[in-house]
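One structure is given below, encoded as structure tokens.
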């Protein structure tokens, strides 16, 4: 019986340890960045940094410096603090819960089929004591970034001014998809009297044109810039799509190759082409 109870106790302790979740922080990252598989992680002040421990699907991760994703991975939550960056070339990261980014120059750069999937919310924050506001950048080249729940873009009570030319830039190139879930944005980034911005920039790559989608929300005041070159074949290309009829898309501030576009269905001359955009957010020429 003693052997049985000892074995049962050992299995019970093992099952508990398997279910524990940790918060990992990337440390000792050099200026040129560090690969995910070679990163030294810390579990707190009492934990010595080690490249032998790795975040799992139940763990939270806080980046620092430039993180280069060199393997597919799944984690519970992700924080990209100020002046930190996530880069991925062809690899996939699944965040089952929330992603948080800081407005002090945090960024995401994905290319060649890379993807970042967020199963919960996308949130932004800014320390109200900070005077550094350099914005957030999301670069997608033939890649995808999806948020299943709410995409909440807030300045979080920061001491900011509408005269500051900064904001959130999503730069979509080629066969890229930017899926935002339900979209909520701070009015400082969309007000007519503000130099701050939430901008989505669309650029074709050959015959491929990117797409942004949202489940619902109001995009009034969002800057949408289309960049089209001569390599894009003639036709119609959807660049924004909303699943919910309640979504408000007509209030976007639209430009084509730097030229303001103020009335849907009106043709304008861009280079040697006549280009128009209809109310369904399809660009054609």
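Numbering (my numbering), first residue to last: 142 to 426.
For every residue, glycine included, the Cβ atom is placed at its ideal position computed from N, Cα and C.
Spatial neighbours of residue 295 within its chain, please: C-beta separation below 6 Å, excluding the five flanking residues on both sides. 265 and 327
Figure out for me which residue from 257, 309 and 280 has the closest Cα to the Cα of residue 287. 257
So what's residue 178 in DSSP terms, helix, strand or just coil? helix
Going by DSSP in three states, residue 287 sits in which element: helix, strand or coil? strand
As a quick exercise: from 165, 306, 211 and 209, pick the residue whose alpha carbon is nearest that of residue 194. 165
Helix, strand or coil for residue 382, going by three-state DSSP, please let me know. strand
Report all residues from its chain with a CB closer than 7 Å to the CB of residue 359; omit the five preceding and five following residues, and keep chain order. 389
Local conformation of residue 151 per DSSP, three classes: Low local confidence applies: a pLDDT of 44 at residue 151 is under 50, so the model's placement there is unreliable, and no value is given.
Ordered along the chain, which non-local residues of its own chain (more than five positions away) have a Cβ less than 6 Å from that of residue 261? 238, 239 and 290
What residues match up with residue 266 in a beta bridge as DSSP calls it? 243
Minimum C-alpha distance to residue 335 - residue among 364, 210 and 344: 364
For residue 197, which of helix, strand or coil comes out of DSSP? coil
Inter-residue CB distance, residue 422 and residue 381 (contact presumed, cutoff 8 Å): 4 Å
In its own chain, which residues sit with a C-beta less than 6 Å from the C-beta of residue 312, not counting the 5 before and 5 after it? 280 and 342
Quick test of your reading: residue 275 and residue 254, contact by CB under 8 Å. State the CB separation rounded to the nearest angstrom. That belief does not hold up - the Cβ atoms of residue 275 and residue 254 are roughly 29 Å apart, past 8 Å.
Taking the alpha carbon of residue 233 as the reference point, which residue from 209, 348 and 245 has its own alpha carbon closest? 209
Just how far apart, CA to CA, sit residue 411 and residue 184? 55 Å
Under the three-state reduction of DSSP, which class applies to residue 329: helix, strand or coil? helix
For residue 310, which residues in the same chain have their Cβ closer than 6 Å to its Cβ, ignoring the five residues on either side in sequence? 278 and 340
CA-to-CA distance, residue 178 to residue 157, given in whole angstroms: Bear in mind that the predicted position of residue 157 carries a pLDDT of just 37, short of 50, making it too unreliable to give a figure here.
Any idea what DSSP makes of residue 393, helix, strand or coil? coil
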